[in-house]
Structure formats: structure tokens, C-alpha cells
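S.K.: Below are the C-alpha cells for one structure; questions will follow.
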Amino acid sequence: MSSISLPTSHNLPSLLHTPTPKATFSHNLSLVSKSSQSQFHGLKLSDSSHHSIPSSVSGKNTILAKVSEGTQVPTFTLRDQNGKPVSLSKFKGKPVVVYFYPADETPGCTKQACAFRDSYEKFKKAGAEVIGISGDNAASHKAFAEKYRLPFTLLSDEGNKVRKDWGVPSDLFGALPGRQTYVLDKNGVCRLIYNNQFQPEKHIDETLKFLKSV
1 MSSISLPTSH NLPSLLHTPT PKATFSHNLS LVSKSSQSQF HGLKLSDSSH HSIPSSVSGK
61 NTILAKVSEG TQVPTFTLRD QNGKPVSLSK FKGKPVVVYF YPADETPGCT KQACAFRDSY
121 EKFKKAGAEV IGISGDNAAS HKAFAEKYRL PFTLLSDEGN KVRKDWGVPS DLFGALPGRQ
181 TYVLDKNGVC RLIYNNQFQP EKHIDETLKF LKSV
């Protein structure tokens, strides 16, 4: 009888120890809870990394800028307002002012174009050529040039390939094509970069000031 009661009494502690798996289970629950918390932290991290994408992209745009002061600019061939192909190499041997602008007939771009027009003789006296570039087609450029009597070349960069090749930055978080002016020396090396979206006339002042100083 005692031998029979011993296994029974021995089994009682084991039955009494049944909470131990429960404790393990509750410990596992806490682990799961910690794991779920870490998953939420992971979501926050991924969410913050998601929000950091624009800054990394803008940083990438900065890195992608292929034209800086002192560098040889990429050459190109684009159609002018008359539909004729014009190569940048055509102007080698003289200073060239290349200005990228958002679009024909916008208020800021019209002011800028007319300011270049009004100072065109000053650029000629400095021996420089003026070239305007936007994504508008040749027909748009022709109408724009005729309407405002623009005496200089407008080139059509449809698809903005040259703009991208030169690394012209956009404005307003990429919503607006950038307004940027480059002054090249007679060897095609960039000597000045000027960016000012909201004061288009300043581009003329700064480029003339630079040309007079060299």
C-alpha cells in the first residue's frame, strides 16, 4: 500500500508543479510582448527611414550634379527656336552664358528673358553668347522669342535630358524645374553658377558682374 501511495504522493508534486509551465507560458507571453514591441519599433524605424527618403533623394540630386565651377561641361546638341540643331561646341572660343529656366511665357521667365534682351549688347561687348534652355518645344520657343523680340538663342530640351546631365536642381520639392545660370569660359569650363528662382533679373546682374571681372 505504501509503495502504491508513494507514486501517488510523488505525482502530487508534479501536479502541483503544473503552474511551472504556466509560468513559462507567461514568460513566453512577455517575450512575445517584447518581440511585438520591437516589431513596432521596427515599424517606426522603417517609417522614419521612409520619411528620410526625400532627404536622401535630395542628397542624391546634389551628388548627381555633374557641373560645378572649374569642371568641363557636358556638350549637347539641341534644336533652337527655328528648329535647327545647335551644338554647344559651336560657341567654343568665346564665353557662353547658358541659363536654364522653367518654361516659356511664365511671369518670372518672361522677366528674365527680357532682362537678358535689354542687356544683350552688354553681353556682346563682353564677347559672350547667351543661350536659354527649357523643356518647351521649338514652336513654343519661336513664339516666345518673336513676342518679346529676343535676340539670343533658345534651345528645346524636351525630356529635360540636358538639364539632368548638367544636374540642374529642381525647386519647391521637385515640383518646379530649377532656374540656374552657368558662365562658361572660351574652353567650355564652368566658371560661375548662379541659382535664384524668385529673382530672375538677378541672373543678368550677377553674370555681367562676373564677365566684367575676368
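Sequential numbering from 1 applies to the sequence shown in the numbering used here. Virtual Cβ for every residue (Gly too), placed ideally from N, Cα, C.
1. Tell whether a beta-carbon distance below 9 Å holds between Ala103 and Gly135.
2. On the DSSP bridge list, what partners appear for Asp171?
3. Out of Leu192, Glu158 and Gly174, which has the shortest C-alpha to C-alpha gap to Gln72?
4. Taking DSSP as the reference, what is the three-state secondary structure of Gly132?
5. If you follow the alpha helix (DSSP H) that Val86 is part of, which residue opens it and which one closes it?
6. Tell me which residue opens and which closes the alpha helix (DSSP H) that Arg149 is part of.
7. Assign Val183 to one of two classes, buried (16 or more other C-beta atoms within 10 Å of its C-beta) or exposed (fewer than that).
8. Using a Cβ distance threshold of 8 Å, determine whether the region 138 to 157 contacts the region 74 to 82, with at least three qualifying pairs required.
9. Please classify Gln72: does DSSP put it in a helix, a strand, or coil?
10. With DSSP collapsed to three states, give me the class of Val214.
11. Taking all protein chains shown into account, decide if Leu150 is buried (16 or more other Cβ within 10 angstroms of its Cβ) or exposed.
12. For Thr110, report the span of its beta strand (DSSP E) as first-last.
13. Report, in whole angstroms, the separation of the C-beta atoms of Val162 and Ile204, which I expect to be a contact under 8 Å.
14. Around the Cβ of Asp157, are there at least 16 other Cβ atoms within 10 angstroms (buried) or fewer (exposed)?
M.R.: Working from what's here:
1. yes
2. Leu176
3. With respect to the C-alpha of Gln72, the residue from Leu192, Glu158 and Gly174 having the closest C-alpha is Leu192.
4. Gly132 falls in the strand class under three-state DSSP.
5. Val86 -> not in any alpha helix (DSSP H); beta strand (DSSP E) instead, spanning Pro85 to Ser87.
6. Neither: Arg149 is in no alpha helix (DSSP H) and is coded neither H nor E.
7. buried
8. In the pairwise beta carbon analysis, the region 138 to 157 is classified as touching the region 74 to 82: at least three pairs are separated by under 8 Å.
9. strand
10. coil
11. The residue is buried, with at least 16 neighbouring Cβ atoms inside 10 Å.
12. Premise fails: Thr110 lies in the alpha helix (DSSP H), Pro107 to Asp118, not in any beta strand (DSSP E).
13. Their Cβ separation, rounded to whole angstroms, is 21 Å, which puts Val162 and Ile204 out of contact at 8 Å.
14. buried
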